[in-house]
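Novice: For reference, the structure I am asking about is given below.
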Amino acid sequence: MSSPLAPTRPTRISLAVRDSNTMLRRNLLHARRYPSMTLNLLLTPVVLLLLFVYVFGDVMSAGIGGGGADRSAYLAYLLPGILMMTIGATVVGTAVSVSTDMSEGIIARFRTMAIHRGSVIVGHVIGSVLQSIVSVVLVGAVAVATGFRSTGATALEWLAAFGLTALVALALTWVAVGMGMVSPNAEAASNNAYPLILLPLISSAFVPIDAMPGWFQPIAEYQPFTPAIETLRGLLLGTEIGHNGWLAIAWCLALTVLGYMWSQSAFNRDPK
Amino acid sequence: MTKTTSHSLAIAAKGLRKAYGDKTVLDGIGLAVPAGSIFSLLGPNGAGKTTAVKILSTLITADAGDLHVGGHDLAADPQAVRAAIGVTGQFSAVDGLITGEENMLLMADLHHLSRHEGRRTAAELLDRFDLSEAAKKPASSYSGGMRRRLDLAMTLVGDPRIIFLDEPTTGLDPRSRHSTWRIIRELVSGGVTVFLTTQYLEEADELADRIAVLSDGKIAAEGSADELKRRIPGGHVRLRFTDPAAYQSAASALREVTRDDEALALQIPSGGSQRELRAILDWLDSAGIEADELTVHTPDLDDVFFALTGGTVPNQPKETVR
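The listed protein sequences correspond, in order, to chains A and B.
Our numbering applies: residue 95 is where the first sequence begins, and numbers increase by one.
Our numbering applies: residue 2 is where the second sequence begins, and numbers increase by one.
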């Protein structure tokens, strides 16, 4: 049978962009219709921020600075870690929504349509990165309301801070999408992605690495969150960045590639 | 009933095989569906109907087989196959988190319709499937029948030439079932090819030009409903008695019958023609037998189904097995 004259077939790239855009709009619509999960996940970093500043703030700052107690100094120390944790919390939601989505019949429909195959995943990834950025801005606003002020960061440093945030969001999102793909249900996805909220607790987010037991320091120092937190801290507050900048970028690129390959192979496998 | 006007095949499969581990689901089946016809794959649960649909609609890959859909090789160019088909699976493929209308517009976008055209198509199909009123409500709030209708409406957005319907009426009430049948007939009158799976014999009999009976991963029989019925010698005249004594004397007088002692009924093999019927009545008269109830049973797809899939022919032919 000769195929009927199709309208001029769009190029691969324009098809990919168009379909990914459609999928992105679908995911943003989901997030807008059902914001409760996103907001619930934001609760963890916000509560920790308030708890550590107002309840533990005096003690913590005395311990870190070695001098007098200064809540606002501790808030400044704490915020970069809380912002990274916010990204971790947001992508837990991504893992859950990807896993839920994959169990829906609509994905089977997408697979039998002549659309760009990667667009389903790309839509989730871009949607999640945007959500992460919005979440970071919201938590940042809470910090500003509690008295955080960035002292003397240049426009370029702000830009770099934004870029780093987006890069971390991209890397963690790809990992979360992979986790969502291989999880049989939403509960499993949430459990699998939970380390992304826990890891910041054992990083330099709350206390400096050298306050930890010696055997534990290498783990805390080289896990993905610490270099990113130290870099952000350096950009916003002018502390020493050192090799952390490169480490952070290397971690992000590695996780992005790994998560990308993991998600692709999981998606291209025959569904059950 | 076979359409011979078009010799082009919408779906052609040779030696289609699929196994999960050491369980063979499809054991080298062949299918040939002429364009513009309704083909029904009939079989009990677990026969492999859904697997066949999943493979032919590019959702999963076959282990072996020469498979063409819409003239395109499934293995070589699945994307071209996807452009030609529409699929409504057994489990509803709608996005429950968004409204019915948004589901339709999503499909329009993925088929790259213009904004204007997309809105027009969505509105038209929602109206046709009686969903206009519910268009602004989330699909998760729809009843089972509404979800199925939305599902089918979404399948039709791209104007597919070949449509796969996997058990489209399972779980629907009679009214929804009949309206689904009406829609399927309308589609075919517009030149669309329909590949339908069902476990309802009635549905295959009602709709399909050709029927293949799938049993244990193999095609047990194929043909039009009439052809299949002709193959099975299930026709008989059934005599029922209320008086056990009359039943016993009739049973001993007529030797070549099948007895059903519990129901006090006798079955005399017969093709159901007027001549055969008259001969039986004459014979009964001359033997002095008067039954309380006489029914003529022509073979239906139930007989075919049970004979081919290894079950027994049921005694109550009008009782559709659900």
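Idealized CB from N, CA, C, for every residue including glycine.
Would you mind giving the Cβ-Cβ distance between B:A1 and B:I220, rounded to the nearest angstrom? I have them listed as a contact below 8 angstroms.
Specialist: Residue 1 of chain B cannot be examined here, being either before or after the span of chain B that is shown, 2 to 323.
Novice: Would you call the region 198-212 of chain B in contact with the region 242-254 of chain B, where contact means no fewer than 3 C-beta pairs closer than 8 angstroms?
Specialist: no
Novice: At what residues does the beta strand (DSSP E) containing B:Y21 begin and finish?
Specialist: Membership of B:Y21 in the beta strand (DSSP E) is indicated by the continuous run L10 to Y21.
Novice: Pick from A:L144, A:P302, A:G246 and A:V301: whose alpha carbon is nearest that of A:V233?
Specialist: Answer by Cα proximity: A:L144.
Novice: How should B:K55 be labelled, buried or exposed, when 16 other C-beta atoms within 10 angstroms of its C-beta is the threshold for buried?
Specialist: buried
Novice: Which two residues bound the contiguous beta strand (DSSP E) that contains B:F242?
Specialist: The continuous stretches of beta strand (DSSP E) do not include B:F242, and DSSP gives it neither H nor E.
Novice: Going by the CB atoms, is the gap between B:V195 and B:L151 shorter than 7 angstroms?
Specialist: Their beta carbons are not under 7 angstroms apart, which means B:L151 does not touch B:V195 by this criterion.
Novice: At the 7 angstroms Cβ level, is B:P169 part of the contact set with chain A, yes or no?
Specialist: no
Novice: Determine the burial state of A:P98: buried for a count of at least 16 other Cβ atoms within 10 Å of its Cβ, exposed for fewer.
Specialist: Note that A:P98 scores a pLDDT of 45, beneath 50, so its modelled location is shaky; the value from the coordinates is reported in the next line. Exposed, since its Cβ has fewer than 16 Cβ neighbours within 10 Å.
Novice: For A:G187 and B:A48, I'd like the C-alpha separation in whole angstroms.
Specialist: 39 angstroms
Novice: For B:V389, write down the residues that DSSP places opposite it in a beta bridge.
Specialist: Chain B is shown only over 2 to 323; residue 389 of chain B falls outside these bounds and no answer can be derived.
Novice: With a threshold of 7 angstroms between beta carbons, is B:A94 in contact with chain A?
Specialist: yes
Novice: Report yes or no: do the region 117-137 of chain B and the region 165-175 of chain B share at least 3 C-beta pairs separated by less than 8 angstroms?
Specialist: no
Novice: Please state whether DSSP places B:G66 in a helix, a strand or coil.
Specialist: strand
Novice: At which residues does the beta strand (DSSP E) containing B:E294 begin and terminate?
Specialist: E294 to H298
Novice: Please check the pair B:G191 and B:R211, which I expect to be a contact at CB under 8 angstroms, by giving their CB distance rounded to whole angstroms.
Specialist: Actually they are not in contact, since the Cβ atoms of B:G191 and B:R211 sit about 19 angstroms apart, beyond 8 angstroms.
Novice: Taking A:F256 as the reference, give the member of A:T325, A:A344 and A:S155 with the closest Cα.
Specialist: Nearest C-alpha to A:F256: A:T325.
Novice: Determine the contact status of B:G236 and B:T299, defining contact as a CB-CB distance below 7 angstroms.
Specialist: yes
Novice: If you follow the beta strand (DSSP E) that B:V88 is in, where does it begin and where does it stop?
Specialist: I86 to T89
Novice: Rounded to whole angstroms, what is the Cα-Cα separation between A:I200 and A:S244?
Specialist: If you draw a straight line from the Cα of A:I200 to the Cα of A:S244, it is about 46 angstroms long.
Novice: Please list the partners that A:M207 has in chain B, where partner means a Cβ-to-Cβ separation under 7 angstroms.
Specialist: R83 and L111
Novice: Please classify B:V26: does DSSP put it in a helix, a strand, or coil?
Specialist: Reduced to three states, the DSSP call for B:V26 is strand.
Novice: Can you give me, in chain order, the residues of the region 249-278 of chain A that have a beta carbon less than 9 angstroms from any beta carbon in chain B?
Specialist: none
Novice: Kindly list, in the order they appear in chain B, the residues whose Cβ is closer than 8 angstroms to that of A:Y116.
Specialist: Before going on, a small fix: residue 116 of chain A reads as Thr here, not Tyr. Within chain B, the C-beta atoms nearer than 8 angstroms to that of A:T116 come from L107, D110 and L111, in chain order.
Novice: Quick check for students: name the residue ranges of the beta strand (DSSP E) that lie wholly in the region 130-198 of chain B, counting only runs of 3 or more.
Specialist: 163-167
Novice: With 8 angstroms as the limit, tell me which residues of the region 350-366 of chain A have their beta carbon closer than that to any beta carbon of chain B; keep them in chain order.
Specialist: D364 and P365
Novice: Report back the beta-carbon spacing between A:I158 and A:Y168 to the nearest angstrom; my notes put them in contact at under 8 angstroms.
Specialist: 7 angstroms
Novice: With distance defined between alpha-carbon atoms, name the residue in B:F92, B:D74 and B:L188 nearest to B:R149.
Specialist: B:F92
Novice: Counting only beta-carbon atoms, is B:S58 nearer than 7 angstroms to chain A?
Specialist: yes
Novice: Which of the three DSSP states, helix, strand or coil, is assigned to B:L267?
Specialist: strand
Novice: Is the separation between the beta-carbon of B:L60 and that of B:K50 shorter than 7 angstroms?
Specialist: no
Novice: List, in order along the chain, the chain B residues whose C-beta lies closer than 9 angstroms to that of A:A183?
Specialist: Result: empty, since nearest Cβ-Cβ is about 21 angstroms, beyond 9 angstroms.
Novice: So what does B:A33 bridge to, in DSSP terms?
Specialist: B:A13
Novice: Return yes when at least one heavy atom of the ligand FMN lies under 6 angstroms from the C-beta of A:A348, else no.
Specialist: For the structure depicted, the ligand FMN is absent and the ligand set is empty, with no information on it obtainable.
Novice: Cβ of B:A65 within 7 angstroms of Cβ of B:A33?
Specialist: no
Novice: Enumerated in chain order, which unbroken segments of the alpha helix (DSSP H) with a length of 4 residues or greater are wholly contained in the region 116-201 of chain A?
Specialist: 130-144, 151-159 and 165-196
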